[in-house]
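For the sequence shown, position 42 (counting from the first letter as 1) is numbered 42 according to UniProt numbering, and the numbering increases by one without interruption.
Every residue gets a Cβ at the ideal spot worked out from N, C-alpha and C, and that includes glycine.
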Amino acid sequence: MPRAGLAPATVTEAGAALADEVGFANLSMALVAERLGVRTPSLYKHVASQADLLHRIGVQAANELADTVRDATQGRAGGDALTAGARAMRKYVTQHPGRYAAGNAARPTGPDDPLIAAVDRVLASWAAMLHGYHIDPGQKIHALRMVRSMLHGFATLEAANGFQIDADVEDSFSWMVDFIDHGLRSLDGPR
C-alpha cells in the first residue's frame with residue numbers, strides 16, 4: 001500500500017528540488033527516498049523507475065519554464081518582450097539548474113506523452129518573445145533557435161559559475177539581449 005502523503009507529484013517535486021541542489025547528473029532514487037523519509041523501494045509505487053522520475057521532472061520543468069516566460073512577456077512586444085522573457089528564462093535556469101537540465105534531456109516516449117504539450121508551450125512562450133518583430137515567417141524558426149541558443153548558453157554558463165572574467169555579468173547579459181534585439185530588428189520584414 002502506498003505511503004500516506006506520497007503521490008507521483010510529491011515524488012517528482014522532491015526529485016526536482018534535489019536535482020537543483022545536487023545536480024541532475026547526481027540525482028538518485030536513494031536521495032529522493034531519503035528526502036521523503038521512506039525506503040527506496042517505496043518510491044516505485046509512485047514512479048516506475050529512475051528514468052520515469054527524470055522524465056516527470058523534465059515535463060515539470062518544461063511547464064514551469066513555459067509559464068515563467070509566458071508570464072514575463074504577457075502584454076509586451078518587441079524589445080520589451082525579449083528583455084522580460086530573457087530575464088525570466090535566465091532567472092529560472094540559475095534558480096533551477098537541475099530541473100532545467102532534466103527538461104533539456106527529456107525526450108517524448110510516445111504520441112500521448114505530456115512532454116510534447118509542455119515543449120509546445122515552451123516554444124509558444126519563446127515565440128511570444130519575438131512578438132512585435134516583423135520577421136519573415138520563413139525566418140522565424142531560425143530566430144527562435146538563435147534566441148534559445150544564446151539564452152540557454154548564457155544562463156547555463158552562469159548557473160555553472162562559468163564566467164570567471166572580472167567583468168559584470170549583468171552588463172554582459174544586458175549587452176547580449178541588446179545585441180539580439182538589434183539583430184531581430186534588422187530582420188524586419190513586411191508589416
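CB of residue i within 9 Å of CB of residue j, strictly
i: V119; j: A88; result: no
i: R99; j: D20; result: yes
i: H131; j: A77; result: yes
i: V122; j: L65; result: yes
i: L18; j: R35; result: yes
i: A25; j: I57; result: no
i: A62; j: M129; result: no
i: L187; j: A124; result: no
i: A102; j: A14; result: no
Local conformation of residue i per DSSP, three classes
i: I165; result: coil
i: L112; result: Sequence check: residue 112 is Asp here, not Leu. Three-state DSSP puts D112 in coil, outside helix and strand.
i: T10; result: helix
i: A62; result: helix
i: Q50; result: helix
i: H96; result: coil
i: R90; result: helix
i: V22; result: helix
i: D28; result: Rather than Asp, the amino acid found at residue 28 in this sequence is Ser. Coil, per DSSP.
i: R70; result: helix
i: K140; result: helix
Exposure label - residue i; buried when at least 16 CB within 10 Å
i: Q60; result: buried
i: I180; result: buried
i: W126; result: buried
i: M1; result: Per-residue confidence for M1 stands at a pLDDT of 42, beneath the threshold of 50, marking its modelled position as unreliable; no derived number is given.
i: A86; result: buried
i: G138; result: exposed
i: A160; result: exposed
i: H96; result: buried
i: T12; result: buried
Proximal residues to residue i (C-beta, below 7 Å), its chain only, five neighbours per side dropped
i: A155; result: M89, R90, V93, T94
i: A33; result: R39, T40, S42, L43
i: P108; result: L115, I116
i: E170; result: none
i: F173; result: R90, F154
Beta-bridge partners of residue i, as assigned by DSSP
i: I135; result: D188
heavy atom of the ligand FMN below 8 Å from residue i C-beta
i: A143; result: This structure simply doesn't include the ligand FMN, nor any ligand for that matter.
Residues of its chain near residue i, where Cβ-Cβ distance is below 8 Å and the 5 sequence neighbours each way are ignored
i: P8; result: H46, V47, R56
i: L31; result: L18, V22
i: K140; result: A127, L130
Cβ-based neighbour list, residue i, same chain, cut-off 6 Å, excluding 5 preceding and 5 following
i: A72; result: A84, G85, A88
i: D80; result: none
i: Q50; result: M29
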